Amino acid sequence: HGETPLHWAVKGGDSDMVDLLLTKGVASDIADSRGRTPLSRAAGQGHCRIVQLLLSTGRADPDSKDSRGRTPLSWAAENWHLDTVRALIAHGASADIHDH
Numbered sequence: 001h002g003e004t005p006l007h008w009a010v011k012g013g014d015s016d017m018v019d020l021l022l023t024k025g026v027a028s029d030i031a032d033s034r035g036r037t038p039l040s041r042a043a044g045q046g047h048c049r050i051v052q053l054l055l056s057t058g059r060a061d062p063d064s065k066d067s068r069g070r071t072p073l074s075w076a077a078e079n080w081h082l083d084t085v086r087a088l089i090a091h092g093a094s095a096d097i098h099d100h
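For the sequence shown, the residue numbers in full-length UniProt numbering are 1 to 100.
In structure tokens:
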């Protein structure tokens with residue numbers, strides 16, 4: 001599915017691994033075959049600490065859209081991850097973007 005080691009660390013909810021990979025300079029904005037970035041995955045799974053780590057690099061776009069037009073904020077909101085929604089909005093995610 002075109003996933004990177006960062007995608008796998010995010011999916012596993014391993015914030016220490018994510019932090020290590022980011023410290024080593026891995027690209028944090030590469031999308032998988034479905035257009036989902038590590039930030040989108042983390043937001044949808046409610047991994048708030050990982051969302052904060054990714055956003056703190058300044059390289060993750062909080063308004064990025066996947067192949068379905070979904071943003072990290074829309075994934076977090078759909079899955080009722082309030083802390084993640086708050087973190088995304090605090091880092092500039094737009095609440096006005098519509099999906100497909």
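Note that the Cβ used here is the ideal one computed from N, Cα and C, for glycine as well. Computed from a predicted model, the values in this text were never measured in an experiment.
Contact belief for residue i with residue j at Cβ below 8 Å, rounded distance in angstroms
{"i": "Leu53", "j": "Val85", "result": "About 17 Å; that fails the 8 Å criterion."}
{"i": "Ser40", "j": "Asp66", "result": "6 Å"}
{"i": "Ser74", "j": "Asp96", "result": "No, Ser74 and Asp96 are not in contact; Cβ-Cβ is about 11 Å, not under 8 Å."}
Which of helix, strand or coil DSSP assigns to residue i
{"i": "Arg86", "result": "helix"}
{"i": "Pro62", "result": "coil"}
{"i": "Ala76", "result": "helix"}
Residue i to residue j span [Cα, whole Å]
{"i": "Val51", "j": "Pro62", "result": "9 Å"}
{"i": "Ala27", "j": "Arg59", "result": "8 Å"}
{"i": "Ile89", "j": "Glu78", "result": "15 Å"}
{"i": "Asp32", "j": "Glu3", "result": "5 Å"}
{"i": "Arg70", "j": "Cys48", "result": "18 Å"}
{"i": "Gly25", "j": "Asp14", "result": "17 Å"}
{"i": "Leu55", "j": "His1", "result": "23 Å"}
Which residue spans inside the UniProt repeat "ANK" (34-58) form an unbroken alpha helix (DSSP H) run of at least 4? The qualifying runs are 38-45 and 48-56.
Report the residue ranges of all alpha helix (DSSP H) runs contained in full by the UniProt repeat "ANK" (1-33); include only those spanning at least 4 residues, in chain order. Positions of the alpha helix (DSSP H) runs, each at least 4 residues long and wholly inside the UniProt repeat "ANK" (1-33), are given as 5-11 and 15-23 in order along the chain.
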